[in-house]
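Engineer: First residue of the sequence shown: 227, per the numbering used here; consecutive thereafter. Just so you know, even glycine gets a beta-carbon here, dropped at the ideal spot from N, CA and C. If you're wondering where the values come from, they're calculated on a predicted model, not measured in any experiment. My questions all concern the structure below.
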Amino acid sequence: MLEATLGERTKDLLRASGRSDVPPFMVMDVMAAAARIEAEGGHVIHMEVGQPAAAAPKTAILAAHAALGGGRIDYTSALGIPSLRERISRHYREAYGLVVDAGRIVITTGSSGAFILSFLAMFEPGDRVAVTVPGYPPYRHILTALGCEPVLIETSGENRHALTGEALLAAHRKTPLKGVLVASPANPTGTMMTAQALAELMRAAEDAGIRFISDEIYHGLDYAFPAETAVRLSPNATIINSFSKYFCMTGWRVGWMVAPEPLVRAIDRLQQNLAISVPTLSQIAAQAAFDGRAEMEAVKHGYEENRRILTEGLPTARLDTFFPADGAFYLYADVSRFSNDSFDFAKRMLEQAFVAATPGVDFDPFHGRNFLRFCYAGSAAEMREAVDRIGGWLRRG
């Protein structure tokens, strides 16, 4: 009896918290399955992970080497190295013609760290925050883990899969919202909001007292038209960006926020306690990355060619229905003519065609069973081979 009681107490001690009960990020499971095939000698074309195949700019790598050669790598200010914050401020002048005070810029541990800091600084437990579906799953998972309630709003082709002020206010009237998060270019769809659509949405949010977060981590990777930044439209918006996508620095884990001035000190305090500071070496490399833009523009042109190969090639394999691939490096394709279970479809495509893609159920709990996300951040040769493999597999099936 005593042993049983002690056993129950031990279980209680080791039981995970309720807030940790968030779904896994399914793309990581696909990545693991692909690795098992490769371990057995198979050659997988990786289109599952949203990660550039190219390396960080040479300027960034050289700066990191030089810093390591100099000896100590110390803590930095919680808000980030001042010179990096100034360089990002200059980036807004160069890229958008905007003056952004470096004091509003916060360096973060990738965009993921920025989401955590912004959610903690802006919302209380129980607050309702709107996110769009299809959408990046960690938005809602992080909100849930922090005790907030993600409110999923579906988008439609009528509005190019962009959230509208009308849809936002309809959700707000049902039960009040405290915030909304949108991304343009978006993951998993690659769709973008026009400057007018973004301005109208932000106006509706502000008029209703809804705080606005703009995920701009795919800025720079825009093909259909130039991406607009929320920085231009309101000083009250929180902007999140990263060196992961355009600058090909995923594993360096460095990003930034442009925060409303009244929130900077709160974010500073949170960063001091949660992380002390962002890794110094990554910050040094990130500052130097801005000098490698010519290299990164060449990578971007490669994505444009890959986009052309897929949008022209996949219809020959009868994957001819997909969202507008305006930016980022994703194509979100409808596979419902072949299957109503995108997880099973992705599994069979990986095992039989050796092409890895991410099931849409990761991004959309409503209709994701009908979609796959293809990442086209690899080489043109890989994209052509993927089209051939998928086409051959579907014809055989």
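Confirm, please, whether the CB-CB distance from G391 to E426 is below 8 Å.
Structural biologist: yes
Engineer: DSSP state of N566, grouped into three classes?
Structural biologist: Three-state DSSP puts N566 in coil, outside helix and strand.
Engineer: Can you determine whether any heavy atom of the ligand ATP sits closer than 7 Å to the C-beta of S440, and answer yes or no?
Structural biologist: In terms of ligand content, the structure shown is empty, and the ligand ATP therefore cannot be addressed.
Engineer: Considering Cα atoms alone, identify which of N499, D517, P461, R386 is closest to L310.
Structural biologist: D517
Engineer: Measure the Cβ-Cβ separation of V332 and V490 and say whether it is below 8 Å.
Structural biologist: yes
Engineer: Using the three-state DSSP reduction, which class does G507 fall into: helix, strand or coil?
Structural biologist: Looking at the sequence itself, residue 507 is Leu, so the reference to Gly does not match. Note: L507 maps to helix in three-state DSSP.
Engineer: Could you name each continuous beta strand (DSSP E) segment of 3 residues or more that falls completely within the stretch 326–350, going from the start of the chain to the end?
Structural biologist: 331–334
Engineer: In the DSSP assignment, find the unbroken beta strand (DSSP E) run with A559 in it and report its ends.
Structural biologist: 556–560
Engineer: To the nearest whole angstrom, what separates the beta carbons of F345 and I379, a pair I think is in contact under 8 Å?
Structural biologist: With 8 Å as the limit, F345 and I379 do not qualify as a contact, their Cβ atoms being about 18 Å apart.
Engineer: Taking just the CA atoms, how far does I436 sit from A347?
Structural biologist: 14 Å
Engineer: Let me make sure I understand the geometry here. Which of P376, E384, S503, K526 has the alpha-carbon closest to that of Y449?
Structural biologist: Out of P376, E384, S503, K526, K526 has the C-alpha closest to the C-alpha of Y449.
Engineer: When DSSP labels each residue in this structure, what does L378 get in the three-state scheme?
Structural biologist: strand
Engineer: Would you say I502 and A304 are within 8 Å of each other, going by their C-beta atoms?
Structural biologist: yes
Engineer: Taking C-alpha atoms, which residue in S338, P452, A393, R319 lies nearest to A430?
Structural biologist: Distances from the alpha-carbon of A430 to those of S338, P452, A393, R319 put A393 closest.
Engineer: Tell me the residue span of the beta strand (DSSP E) that contains T464.
Structural biologist: 464–468
Engineer: Are A572 and T584 closer than 8 Å when you measure CB to CB?
Structural biologist: yes
Engineer: Would you list the residues sitting across from V408 in a DSSP beta bridge?
Structural biologist: S440
Engineer: By Cβ distance below 6 Å, which residues in the same chain neighbour E375 in space, the five residues on each side in sequence not counted?
Structural biologist: R354
Engineer: Kindly list the residues whose CB is nearer than 7 Å to the CB of M428, restricted to its own chain and excluding five residues on each side of it in sequence; keep chain order.
Structural biologist: F438, A456, L459, S460, A463
Engineer: Based on Cα-Cα distance, which residue from E266, T542, Y444 lies nearest to P278?
Structural biologist: Y444
Engineer: Name the two residues that bound the continuous alpha helix (DSSP H) containing V359.
Structural biologist: For V359, no alpha helix (DSSP H) segment is defined; the enclosing uninterrupted segment is the beta strand (DSSP E) at 354–359.
Engineer: Checking the sheet assignment: what are the DSSP bridge partners for M483?
Structural biologist: V332, I466
Engineer: Report yes if the C-beta distance between V480 and S508 is below 8 Å; otherwise report no.
Structural biologist: yes
Engineer: Here's a check: name, in chain order, each residue in its chain whose Cβ is nearer than 7 Å to the Cβ of F548, leaving out the five neighbours to either side.
Structural biologist: L557, Y558, A559, D560
Engineer: Alpha carbon to alpha carbon, how far is G295 from E611? Give it in angstroms, no decimals.
Structural biologist: 42 Å
Engineer: Hey, how far is the Cα of C474 from the Cα of S337?
Structural biologist: 13 Å
Engineer: What first and last residue would you give for the alpha helix (DSSP H) that runs through R599?
Structural biologist: It is not in any alpha helix (DSSP H) - R599 instead sits in the beta strand (DSSP E) that spans 597–601.
Engineer: For A219 versus N532, is the C-beta spacing smaller than 8 Å?
Structural biologist: Given that the chain is displayed from residue 227 to residue 623, the structure contains no residue 219 and the question cannot be resolved.
Engineer: If you follow the alpha helix (DSSP H) that Q277 is in, where does it begin and where does it stop?
Structural biologist: First-last for Q277: undefined, no H or E at that position.
Engineer: Just confirm the distance between the C-beta atoms of G198 and R599, as a whole number of angstroms; I'd bet it's less than 8 Å.
Structural biologist: In the structure displayed, the chain extends from 227 to 623; residue 198 sits before or after that span and is not available.
Engineer: Given this structure, state the Cα-to-Cα distance separating R621 from S568, to the nearest angstrom.
Structural biologist: 18 Å
Engineer: Would you kindly check if the distance between the Cβ of A524 and the Cβ of A289 is under 8 Å?
Structural biologist: no
Engineer: In this structure, what does DSSP give as the bridge partners for P585?
Structural biologist: L598
Engineer: Taking DSSP as the reference, what is the three-state secondary structure of I271?
Structural biologist: strand
Engineer: Could you tell me the alpha carbon to alpha carbon distance between V256 and P414, rounded to whole angstroms?
Structural biologist: In this structure, the CA atom of V256 is about 15 Å from the CA atom of P414.
Engineer: Residues bridged to F548 by DSSP?
Structural biologist: Answer is A559.
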